[in-house]
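A.B. asks:
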Amino acid sequence: MIRSSLGRSLHARLPLLLALLLAGCAGERVHKEGLVLLEEGKEEAGIAKLEEAFKQDPTNVRYRADLVNARSQYTLQLVQSAQDAQAAGNSAQATELFRRVLAIDNKNQAAITGLLLLERDKRHAEAVARAQELEQKGDLDQAERILRAVLLEDPKNQPAAALLAAIDAQRLSELRTTPVLRPKVSRPVSFEFRDANLKLVFDALSRTSGVNFLLDKDVKGDSKITVILHDVLVEDAIDLIVMQNQLQQKVLSENSVLVYPPQKEREYQDLMVKSFYMENANVKETVNMLKAVLKTKDLYVDESINLVIMRDTPDAVRLAEKLIAAQDMAEPEVMLEMEVIEVNRSRLLELGIRWVDQYEFGVVDTTGSPFTISDLRNISSSTITMTPPGATATARKTDGDSNTLLNPRVRVRNREKARVVVGDRVPVISSVVTSGTGNPVVTDLVQYLDVGLKLEVQPSVHIDGKVAITVNLEVSNLGEEVRTRNGTVAFRVGTRNAQTVLQMRDGETQVLSGVIRDDDRKSATKLPGLGDLPVLGRLFGMHTDDKQNTEILLSITPHIVTNVVRPGARVQEFWSGSEATLRTRPLTLRTVAAKPGTAEGADASASAARAAPAPAGPSPAMPAAPSGQISALLRGPAQAKLGDTFQVALWMKSDQPVSATVAQLGFDPTLLEAVSVTEGTFLNKDGALTTFSSRIDAAGRVLVRATRAISSGVAGEGTLATVAFRVKQAAPAAQVSVLSLVSVSTANQPLTAMAPAPLGLVLTP
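Structure below.
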């Protein structure tokens, strides 16, 4: 019965066992197919096969391990590719890759987070576009609120940071641009007032020029004044009358002027606060310069970050900018190639016969008993011993040459010392005995003495490319040891020193030689009398000639790595007003036929040039910007005719990667008309996508904004934008200037920009 029931059980389970056996064979085949597909680079198909094999045999540990490894490696690769596409601005490709990751592993957190970030970037791009529209419409406050909300979620959003920087620059330009007086009368006028009341003079000026004069209550309107002016501009006449009566003025608008006495300057004078971050200059020296030249009192210094904060009038701040630009220069550096050679020559000659110079006599006791004085009577020839005389003949000559070479290359800052020491540090031991109530205590003190070659150089780089080098060379060698009674150990040290100052050109080689030590020693050991014979004396003595010659050669070649770049003329020389009042242009009376154009925010030197405009020449060369800064240049024609259209290019150069740039150009709208703005190749010269926009307003300003679509920046030089102008009115002097220039790095940090000199133009009829 038992055997019959067992047979029935096996018969019932046989189909299940056969099914498991067939499933195992099929799973192995599918698993191998998946591995083959992985080797062929078909990862997704291979992973699908591995999943199928694991489903057929869930208990197979090898199937599970291969599936987990393949899925992990492939999803990691897809996630990295998706993140790279997202960083490059290709959101469509990144979305597709993240979705492929989720198709393989629906719980992959990196892919889920990546899709959320892509959705956020899309939402931020729409917000930045909306903010840009608001900014172009002039609603800066609403645009700023939108941008700050975007940057709150994504501080690294470059388009939002660039647009916000443009809004800040525009506001700063508007705040920094003081009103310019524009009388209705642009032709020259003549005035003749003899002992007239000051108030009457201002009334006449107001009726003639259309300028409104607001007189402070403390201005004495009944004071007498005599003014005779012919063919001058109204602005110059107002300046002269105000200055003649020891008054101050403040331009409130294009046709309004406030006149007040000097004692109320603290009430009416506007003050600015500006922070200067020094890159190379010493902040204390900068503060001393500002106090000495501009008499500025409100200054704050933070030495930890090289910051100087200044609070003064706008003219004083403009003057301080130029003074600091002339001082904050990179310290020159020079690379010194030095070669030190020590040549040792030795000659040794030993020639002659060295005779034995000592003889020993002795007495031997043959009995073995103690030797007494009485035994001297028994001395015989057998008891006396004597050392026989001997001699040694020597003929030897030794020659030796040795060179010690030292070839250091040292980079040194200007007026700093560099020291090279090659040799040994010899210990010098001294003892100090401390006596107290008990036994004396002896303490050994060890000091080290540098022995060998010491070379110390101090370069001074001149702006003309020459280098003055102070050279100190010392060569020392250790002599014999000296011990004192107290046990102190010292040494005799032989030294050779050379000190000089060299004036050399960049790349010139100078050799310092002649530091020679010449020792010539002669000695002789000979028999008395016989050794002094003229010729035969050589046979009765030993003669030694020892010659030692040592020479030091120093070769030094300077190579200037960085030098001070001489700043432009606008920084080296500019007007600063009078002793009592700081002004960015002198008090002048212009006798021109028409009012010259003045761009808002133009340089002070250009304003001074309105009195006697110089002929406009070709565009200057690109100024050399210090390391870490951006330089710019305006390129355009020197003159244009009435009705002609010409182009002005804003050329930029940067040694740091730039991701976005915002620039604002200014011109006189009565003389010129901005027709169009085209993008340059500065930000997209590597083929990257950029976002470019521009705006021209009626006040004579052109706003240009360019942003790279990818996170990486671009360095080098190129044209940021080109503006086309049309000549509306002839004038002897006109100009196009850069009011503001703001660039953003790849880390959304502002980069220092050097404002270029205005482009001067002669507009002919």
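Using our numbering, read the sequence shown as starting at 334 and increasing by one per residue. All C-beta atoms, glycine included, are put in the ideal place defined by N, C-alpha and C. Note that the structure is predicted; figures quoted are calculated from it, not measured.
Does the beta-carbon distance from Val779 to Leu811 come in below 8 angstroms?
C.D. replies: One-based indexing of the sequence shown puts residue 779 at position 446. One-based indexing of the sequence shown puts residue 811 at position 478. Against a cut-off of 8 angstroms, the Cβ pair of Leu811 and Val779 comes out as no contact.
A.B. asks: Using 8 angstroms as the Cβ pair cut-off and three pairs as the minimum, do the region 1037-1051 and the region 1011-1018 touch?
C.D. replies: With the cut-off at 8 angstroms, the region 1037-1051 and the region 1011-1018 touch.
A.B. asks: Give the single residue among Ile802, Val815 and Ala1021 whose Cα lies nearest to the Cα of Gly668.
C.D. replies: Here residue 668 refers to the residue found at position 335 when the sequence shown is read from its first residue. Correcting the residue type first, residue 668 is Met in the shown sequence and not Gly. Answer by Cα proximity: Ile802.
A.B. asks: Span of the beta strand (DSSP E) holding Ile558?
C.D. replies: As a position in the sequence shown, residue 558 is number 225, starting the count at 1. Run containing Ile558: Lys557 to Val565, per the beta strand (DSSP E) assignment.
A.B. asks: From the DSSP output, read off the bridge partner residues of Asp1030.
C.D. replies: By 1-based counting over the sequence shown, the position of residue 1030 is 697. Beta-bridge pairing links Asp1030 to Arg1034.
A.B. asks: Distance check for Val995 and Ala1032, CA to CA, integer angstroms please.
C.D. replies: The count along the sequence shown starts at 1 and reaches residue 1032 at position 699. The count along the sequence shown starts at 1 and reaches residue 995 at position 662. Answer to the nearest angstrom: the Cα atoms are 18 angstroms apart.
A.B. asks: To the nearest angstrom, how far is the alpha carbon of Val331 from that of Ala570?
C.D. replies: No information on residue 331 is available, as it lies outside the stretch 334 to 1098 that the chain covers here.
A.B. asks: Which stretch, first to last residue, makes up the alpha helix (DSSP H) that contains Gln465?
C.D. replies: On the sequence shown, position 132 is the one that residue 465 refers to. Gln465 -> alpha helix (DSSP H) spans Gln442 to Lys470.
A.B. asks: Taking all protein chains shown into account, do 16 or more other C-beta atoms lie within 10 angstroms of the C-beta of Leu553, making it buried, or fewer, making it exposed?
C.D. replies: One-based indexing of the sequence shown puts residue 553 at position 220. Looking at the sequence shown, residue 553 is not Leu but Lys. Flag for Lys553 reads exposed.
A.B. asks: Taking the CB atoms as reference points, tell me whether Val616 and Glu636 lie closer together than 8 angstroms.
C.D. replies: Translated into the one-based positions of the sequence shown, residue 616 becomes position 283. Translated into the one-based positions of the sequence shown, residue 636 becomes position 303. Against a cut-off of 8 angstroms, the Cβ pair of Glu636 and Val616 comes out as a contact.
A.B. asks: To the nearest angstrom, how far is it from the Cα of Thr828 to the Cα of Tyr781?
C.D. replies: Start at 1 with the first residue of the sequence shown, and residue 828 comes out as number 495. Start at 1 with the first residue of the sequence shown, and residue 781 comes out as number 448. The straight-line gap from Cα to Cα measures roughly 17 angstroms.
A.B. asks: Rounded to whole angstroms, how far is the Cβ of Ile796 from the Cβ of Val897, which I believe are closer than 8 angstroms?
C.D. replies: Working through the sequence shown from its first residue, we reach residue 796 at position 463. Working through the sequence shown from its first residue, we reach residue 897 at position 564. Contact flag correct, Cβ pair sits at about 5 angstroms.
A.B. asks: Report, in whole angstroms, the separation of the C-beta atoms of Gln997 and Ser1073, which I expect to be a contact under 8 angstroms.
C.D. replies: Against the sequence shown, residue 997 aligns to sequence position 664. Against the sequence shown, residue 1073 aligns to sequence position 740. Correct: roughly 5 angstroms between the Cβ atoms.
A.B. asks: In the structure shown, what three-state DSSP assignment does Pro512 receive?
C.D. replies: Stepping through the sequence shown from its first residue, residue 512 is reached at position 179. Pro512 falls in the coil class under three-state DSSP.
A.B. asks: What is the residue span of the alpha helix (DSSP H) that Ile437 lies within?
C.D. replies: Counting from one through the sequence shown, the residue named residue 437 turns up at place 104. Where Ile437 is concerned, the enclosing alpha helix (DSSP H) stretches over Ser424 to Ile437.
A.B. asks: List the endpoints of the continuous beta strand (DSSP E) containing Met662.
C.D. replies: Counting from one through the sequence shown, the residue named residue 662 turns up at place 329. Run containing Met662: none; DSSP gives neither H nor E here.
A.B. asks: With Arg799 and Arg838 assumed to form a contact (beta carbons below 8 angstroms), what rounded beta-carbon distance in angstroms separates them?
C.D. replies: Taking the first residue of the sequence shown as position 1, residue 799 is located at position 466. Taking the first residue of the sequence shown as position 1, residue 838 is located at position 505. It is Lys, not Arg, that sits at residue 799 in the sequence shown. With a Cβ gap of about 6 angstroms, Lys799 and Arg838 count as contacting.
A.B. asks: Are the region 786-794 and the region 654-661 in contact at 8 angstroms, needing three or more beta carbon pairs?
C.D. replies: No contact exists between the region 786-794 and the region 654-661.
A.B. asks: Beta carbon of Lys1061, beta carbon of Glu1006: below 8 angstroms?
C.D. replies: Within the sequence shown, numbered from 1, the residue matching residue 1061 stands at position 728. Within the sequence shown, numbered from 1, the residue matching residue 1006 stands at position 673. A contact, by the Cβ cut-off of 8 angstroms.
A.B. asks: Which value, in whole angstroms, describes the spacing of the CA atoms of Asp438 and Val1035?
C.D. replies: If you number the sequence shown from 1, residue 438 lands on position 105. If you number the sequence shown from 1, residue 1035 lands on position 702. The straight-line gap from Cα to Cα measures roughly 53 angstroms.
A.B. asks: Under 8 angstroms between C-beta atoms, does Met643 make it to chain D?
C.D. replies: In the structure shown, chain D cannot be found, because there is only a single protein chain.
A.B. asks: Tell me which residues share the same chain as Glu468 and place their Cβ nearer than 7 angstroms to its Cβ, disregarding the 5 neighbours each side in the sequence.
C.D. replies: As a first step, residue 468 is located in the sequence shown; it is residue number 135 there, counting from the start. So the qualifying residues of the chain are Ala476, Leu496 and Ile500.
A.B. asks: Quick check on Pro929: does DSSP put it in helix, strand or coil?
C.D. replies: As a first step, residue 929 is located in the sequence shown; it is residue number 596 there, counting from the start. With a pLDDT of 39 at Pro929, under the threshold of 50, the predicted position of this residue should be treated as unreliable, though the coordinate-derived value follows. Residue state, collapsed to three classes: coil.
A.B. asks: First and last residue of the beta strand (DSSP E) that includes Asn882?
C.D. replies: Within the sequence shown, the letter at position 549 stands for residue 882. Gly874 to Thr895 is the extent of the beta strand (DSSP E) around Asn882.
A.B. asks: Check Asp631 in the structure and name its three-state DSSP category.
C.D. replies: As a working note, residue 631 is residue 298 in the sequence shown. Three-state result, Asp631: coil.
A.B. asks: In angstroms, rounded to a whole number, what distance separates the CA positions of Gln832 and Val844?
C.D. replies: In the sequence shown, the residue the question calls residue 832 occupies position 499. In the sequence shown, the residue the question calls residue 844 occupies position 511. Cα to Cα, the separation comes out at about 13 angstroms.
A.B. asks: Would you mind stating whether Val1037 and Ala1054 have Cβ atoms separated by less than 8 angstroms?
C.D. replies: As a position in the sequence shown, residue 1037 is number 704, starting the count at 1. As a position in the sequence shown, residue 1054 is number 721, starting the count at 1. The answer is yes: Cβ separation under 8 angstroms.
A.B. asks: Report buried or exposed for Leu1096, applying the criterion of at least 16 other Cβ atoms within 10 angstroms of its Cβ.
C.D. replies: The sequence position of residue 1096 within the sequence shown is 763, counting from 1. Leu1096 is buried by the Cβ-count criterion.
A.B. asks: Assign Ala482 to buried or exposed, taking buried as 16 or more other Cβ atoms, counted over all protein chains shown, within 10 Å of its Cβ.
C.D. replies: Numbered from 1 along the sequence shown, position 149 holds the residue referred to as residue 482. Per the 10 Å Cβ criterion, exposed.
A.B. asks: Near Leu449, what residues of its chain come up, given a Cβ to Cβ distance below 8 angstroms and the 5 sequence neighbours on each side ignored?
C.D. replies: Residue 449 sits at position 116 when you count from the first residue of the sequence shown. Answer for Leu449: no residue qualifies.
A.B. asks: Where does Arg748 fall in DSSP's three states?
C.D. replies: Reading the sequence shown from its first residue, position 415 is the one you call residue 748. Residue state, collapsed to three classes: coil.
A.B. asks: Assuming Thr1024 and Pro492 make a contact with CB atoms under 8 angstroms, what is their CB distance in whole Å?
C.D. replies: One-based indexing of the sequence shown puts residue 1024 at position 691. One-based indexing of the sequence shown puts residue 492 at position 159. Going by Cβ atoms, the distance from Thr1024 to Pro492 rounds to 7 angstroms, so yes, they are a contact pair.
A.B. asks: Cβ atoms of Glu670 and His892: under 8 angstroms apart, would you say?
C.D. replies: Within the sequence shown, residue 892 is the residue found at index 559, counting from 1. Within the sequence shown, residue 670 is the residue found at index 337, counting from 1. Yes; because the gap between Cβ atoms is below 8 angstroms, this pair is in contact.
A.B. asks: Go ahead and pull the three-state DSSP assignment for Asn393.
C.D. replies: By 1-based counting over the sequence shown, the position of residue 393 is 60. In the structure shown, Asn393 sits in coil (DSSP, three-state: anything other than H, G, I, E or B).
A.B. asks: Contact between the region 521-528 and the region 549-568: three or more CB pairs below 8 angstroms?
C.D. replies: Judged by Cβ distances under 8 angstroms, the region 521-528 makes contact with the region 549-568, as three or more pairs qualify.
A.B. asks: Quick check: what's the CA-CA separation for Ala421 versus Gln410?
C.D. replies: Sequence index remark: in the sequence shown, residue 421 carries index 88 (1-based). Sequence index remark: in the sequence shown, residue 410 carries index 77 (1-based). Straight-line Cα distance between these residues: approximately 17 angstroms.
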